[in-house]
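K.L.:
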DNA sequence: GTATGATTGAAACGTTCGTTTGAATCTTCG
DNA sequence: CGAAGATTCAAACGAACGTTTCAATCATAC
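Protein chains in written order, with this note's numbering: chain A, 1 to 239; chain B, 1001 to 1239.
1. Quick one: which chain B residues come within Cβ less than 7 Å of residue 216(A)?
2. Along the alpha helix (DSSP H) that carries residue 1086(B), what are the first and last residues, could you check?
3. Taking only runs of the alpha helix (DSSP H) that begin and end inside the region 1034-1059 of chain B, which ones reach a length of at least 4 residues, in chain order?
4. Can you tell me which of 1174(B), 1173(B), 1181(B), 1149(B) puts its alpha carbon nearest to the alpha carbon of residue 1164(B)?
5. Give the secondary structure of residue 1139(B) by DSSP, where H, G and I count as helix, E and B as strand, and everything else as coil.
6. Can you tell which of 1017(B), 1014(B), 1031(B) has the C-alpha that lies nearest to the C-alpha of residue 1123(B)?
7. Pull up the distance between the alpha-carbon of residue 1063(B) and that of residue 78(A), whole angstroms please.
8. On the three-state DSSP scale, how would you describe residue 220(A)?
9. For chain A, find out if any of its Cβ atoms is closer than 7 Å to the Cβ of residue 1043(B); answer yes or no.
10. Which of the residues in the region 132-152 of chain A, read from start to end, lie with their CB under 7 Å from any CB of chain B?
11. Could you tell me the alpha carbon to alpha carbon distance between residue 1046(B) and residue 1016(B), rounded to whole angstroms?
12. Once you ignore the five residues that flank residue 204(A) on each side, which residues in its own chain have a CB closer than 7 Å to its CB?
13. Which residues in the same chain have their Cβ closer than 6 Å to the Cβ of residue 160(A), if we skip the five residues on either side of it in sequence?
14. Output yes if chain A places a C-beta closer than 7 Å to the C-beta of residue 1095(B); else output no.
15. Any beta carbon from chain B within less than 7 Å of residue 24(A)'s own beta carbon?
16. Roughly how many angstroms lie between the CA atoms of residue 1086(B) and residue 1195(B), to the nearest whole one?
17. Locate the alpha helix (DSSP H) running through residue 1112(B), then write down its first and last residues.
18. Since I believe residue 1212(B) is in contact with residue 1096(B) (beta carbons under 8 Å), could you give me their beta-carbon distance rounded to a whole number of angstroms?
19. Kindly indicate which three-state DSSP category residue 1189(B) falls into: helix, strand or coil?
20. Tell me which same chain residues have a C-beta within less than 8 Å of the C-beta of residue 92(A), skipping the five on either side of it?
21. Using a Cβ cut-off of 7 Å (strictly closer), state whether residue 11(A) contacts chain B.
22. Per the contact definition of three or more C-beta pairs closer than 8 Å, is the region 133-140 of chain A in contact with the region 63-76 of chain A?
23. What residues from chain A crowd round residue 1171(B), counting only those whose CB sits closer than 8 Å?
24. Could you work out which residues of chain A lie near residue 1031(B), taking near to mean beta carbons separated by less than 9 Å?
25. If the cut is a Cβ gap below 8 Å, which residues of chain B does residue 168(A) touch?
26. Assign residue 179(A) to one of two classes, buried (16 or more other C-beta atoms within 10 Å of its C-beta) or exposed (fewer than that).
27. Along chain A, which residues have their Cβ under 7 Å away from the Cβ of residue 1100(B)?
28. Please determine, among 1080(B), 1107(B), 1106(B), the residue with the shortest C-alpha to C-alpha distance to residue 1094(B).
29. Please report the straight-line C-alpha distance between residue 134(A) and residue 189(A), rounded to a whole angstrom.
30. Taking 7 Å as the threshold (beta carbon to beta carbon), is residue 1190(B) in contact with chain A?
31. First and last residue of the alpha helix (DSSP H) that includes residue 1199(B)?
32. CB residue 13(A) to CB residue 51(A), shorter than 7 Å?
33. Can you pull the chain B neighbours of residue 219(A), defined as C-beta to C-beta under 8 Å?
34. My understanding is that residue 110(A) touches residue 1186(B), with C-beta atoms under 8 Å, so please give their C-beta distance in whole angstroms.
35. What would DSSP say about residue 1173(B), mapped onto helix, strand or coil?
36. Using only alpha-carbon positions, find the residue among 84(A), 208(A), 67(A) that is nearest to residue 1162(B).
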């Protein structure tokens, strides 16, 4: 099951993986069909099921091929930082750079394929299907625990619950940004829906300062201003 | 086309709209089927096409029914703030509260239906289908122009381009948060995938301080640190 | 060379989807 | 009442989907 015997086996498998990665990125899980994927890969329709068993398993394989590398690198960078710190808490900026910066830098380093996967990740984080949630949860669990712990140590004055929420917000901002989703056509640069490496390298510092600003923002007032002003509440249709 | 003649016409139409709203929220546009929607609404399958013409048009109607109210209110609040300010620039916190706070407060005020629409909006902002992008773009264009202009005036020292990007990040953080998307199971509160009004009222101040912190963060260094450390670049496959 | 197992190919299966059809039913109004 | 139009209903259509089947082809080892 590990090392295959025949020659162009890997070719077919990887051609399917590459085509699937691009199709899932563009159309989402439901929107991409096995016929489109195998067609783009120039392989027979049945080859997809022969090599992966099902569409779900193919999606799983597409994600894992890159996620394992990414999350391994994230752990490695965090280990390195903590070793250098020698027991002292890390800076929040270091942690965010290790988590989000590693993601974006790896994408830049791998050219077009890296950018495709980046946008796939952004889109996948918003997929409604349950099995996708399960796959991601499993794949990210350990990494998230490590990074959450590092953030707790870095920001001892911020309640842990607040840090978790802000991590959640940061993931949202990031996945939205990297998915290239500009539904409201805010960002005028992306004319074609494409992202090039220059865009990506300019995105990282922008995103990082936004995330850092949000993460270190003053805590919300404990009294959450139930009705800020009189309006917007207890209102029915105009009589 | 405006005021219908028969009696329970509105009943059927609105039952379909409500069921569609819930279905699109849970399963996304592709995932929700006309059969599920009309079944949940206890109407005949053909009734959906009779009243709306197509699935796309139904989705359009679902969005517009609430978006028009929401965006009208957003403009009204902004007008009110600017009238009070009497020509002076608004504070960024006021603008964000008018844009994002209005969204969340209206959802809270409308109970379960409001929460359903809130999550639908969050999910819709990440839909891949092109026609959805077109619908949203049209519906939001005017509101976004007004709010962008207000932010430009509120933050004269921040380059406009940077503000647009940060608006983009804020939309991502918000839509991700309100969609109830917790793919990575970060937020332990949401056990059932449901959000109640208490969660929502606690979410608003948390989100607001995060967004404000991000919006007012120090600008990124103009030299975007091309290669942070030696690795991650100019790398090819291992030889 | 030939047997063996891995891979590919073309075709079909059953299901579900959005949509359409045409008759049946209900509502409205003269 | 009865004609007219609006609405509902059951049934079907064609297309697309994921998946399966089975024979054909290829690579490898004896």
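Note that CB positions come from ideal geometry on N, CA and C, so glycine has one too.
P.N.:
According to the structure shown:
1. Position 216 of the first chain, counted from the first residue, corresponds to residue 216(A). Simply 1213.
2. Here residue 1086(B) refers to the residue found at position 86 of the second chain. Per DSSP, residue 1086(B) lies in no alpha helix (DSSP H) and is assigned neither H nor E.
3. Considered as a whole, the region 1034-1059 of chain B harbours 1034-1040, 1045-1052 as its complete alpha helix (DSSP H) runs of no fewer than 4 residues, in chain order.
4. Taking the second chain and counting its residues from 1, one reaches residue 1164(B) at position 164. Considering only 1174(B), 1173(B), 1181(B), 1149(B), the residue with the shortest C-alpha distance to residue 1164(B) is 1149(B).
5. As a position in the second chain, residue 1139(B) is number 139, starting the count at 1. For residue 1139(B), the three-state secondary structure derived from DSSP is helix.
6. As a working note, residue 1123(B) is residue 123 in the second chain. Nearest C-alpha to residue 1123(B): 1031(B).
7. Here the question's residue 1063(B) lines up with position 63 in the second chain. Here the question's residue 78(A) lines up with position 78 in the first chain. Cα-Cα distance, rounded: 43 Å.
8. Against the first chain, residue 220(A) aligns to sequence position 220. Residue state, collapsed to three classes: coil.
9. In the second chain, the residue the question calls residue 1043(B) occupies position 43. Closer than 7 Å: no.
10. Those would be 133, 136, 137, 140, 144, in chain order.
11. Taking the first residue of the second chain as position 1, residue 1046(B) is located at position 46. Taking the first residue of the second chain as position 1, residue 1016(B) is located at position 16. Spanning the alpha carbons of residue 1046(B) and residue 1016(B) requires a straight line of approximately 11 Å.
12. Position 204 of the first chain, counting from 1, holds the residue named residue 204(A). So the qualifying residues of the chain are 101, 104.
13. Within the first chain, numbered from 1, the residue matching residue 160(A) stands at position 160. Annotation for residue 160(A): 152 place their beta carbon closer than 6 Å to its own, counting only its chain and skipping 5 residues before and after.
14. Position 95 of the second chain, counted from the first residue, corresponds to residue 1095(B). Not an interface residue.
15. If you number the first chain from 1, residue 24(A) lands on position 24. It does not; no Cβ of chain B falls within 7 Å.
16. The count along the second chain starts at 1 and reaches residue 1086(B) at position 86. The count along the second chain starts at 1 and reaches residue 1195(B) at position 195. Approximately 39 Å between the Cα atoms of the pair.
17. Taking the second chain and counting its residues from 1, the one referred to as residue 1112(B) is at position 112. It spans 1111-1124 - the alpha helix (DSSP H) in which residue 1112(B) sits, taken as one unbroken run.
18. Here residue 1096(B) corresponds to residue number 96 of the second chain, with the count starting at 1. Here residue 1212(B) corresponds to residue number 212 of the second chain, with the count starting at 1. Distance from residue 1096(B) to residue 1212(B) at the Cβ level is roughly 6 Å; contact confirmed, criterion being Cβ atoms closer than 8 Å.
19. By one-based count along the second chain, residue 1189(B) stands at place 189. Correct three-state label for residue 1189(B): coil.
20. Start at 1 with the first residue of the first chain, and residue 92(A) comes out as number 92. Hits under 8 Å: 151, 154, 155, 212, 215, 216.
21. As a working mapping, residue 11(A) is identified with position 11 in the first chain. No, no contact with chain B.
22. Result yes; three or more Cβ-Cβ pairs closer than 8 Å.
23. Walking along the second chain from the start, residue 1171(B) turns up at place 171. Within chain A, the residues near residue 1171(B) are 176, 184, 186.
24. As a first step, residue 1031(B) must be located in the second chain, where it is residue number 31. Near residue 1031(B) (Cβ distances below 9 Å), the residues of chain A are 30, 128, 129.
25. As a working mapping, residue 168(A) is identified with position 168 in the first chain. Here the neighbours are 1176, 1177, 1182, 1186, 1187.
26. Your numbering for residue 179(A) matches position 179 in the first chain. Under this definition residue 179(A) is a buried residue.
27. Position 100 of the second chain holds residue 1100(B). Correct list: empty, because the minimum Cβ distance to chain A is about 12 Å.
28. The residue you call residue 1094(B) lines up with position 94 of the second chain. The shortest CA-to-CA distance from residue 1094(B) to any of 1080(B), 1107(B), 1106(B) is the one to 1080(B).
29. Along the first chain, read from residue 1 onward, the residue named residue 134(A) stands at position 134. Along the first chain, read from residue 1 onward, the residue named residue 189(A) stands at position 189. Each residue's Cα considered, the two are about 35 Å apart.
30. Within the second chain, residue 1190(B) is the residue found at index 190, counting from 1. Not closer than 7 Å to any Cβ of chain A, the Cβ of residue 1190(B) fails to qualify, so no.
31. Indexing the second chain from 1 puts residue 1199(B) at position 199. According to the DSSP assignment, residue 1199(B) belongs to the alpha helix (DSSP H) that extends over 1197-1215.
32. Sequence index remark: in the first chain, residue 13(A) carries index 13 (1-based). Sequence index remark: in the first chain, residue 51(A) carries index 51 (1-based). The answer is yes: Cβ separation under 7 Å.
33. On the first chain, position 219 is the one that residue 219(A) refers to. Simply 1209.
34. Within the first chain, the letter at position 110 stands for residue 110(A). Within the second chain, the letter at position 186 stands for residue 1186(B). Actually they are not in contact, since the Cβ atoms of residue 110(A) and residue 1186(B) sit about 27 Å apart, beyond 8 Å.
35. Position 173 of the second chain, counted from the start, is the residue given in the question as residue 1173(B). Judged by DSSP in its simplified three-state form, residue 1173(B) adopts helix.
36. Here residue 1162(B) is taken as the residue at index 162 of the second chain, counted from 1. Ranked by how close their Cα comes to the Cα of residue 1162(B), the residues 84(A), 208(A), 67(A) have 208(A) in first place.
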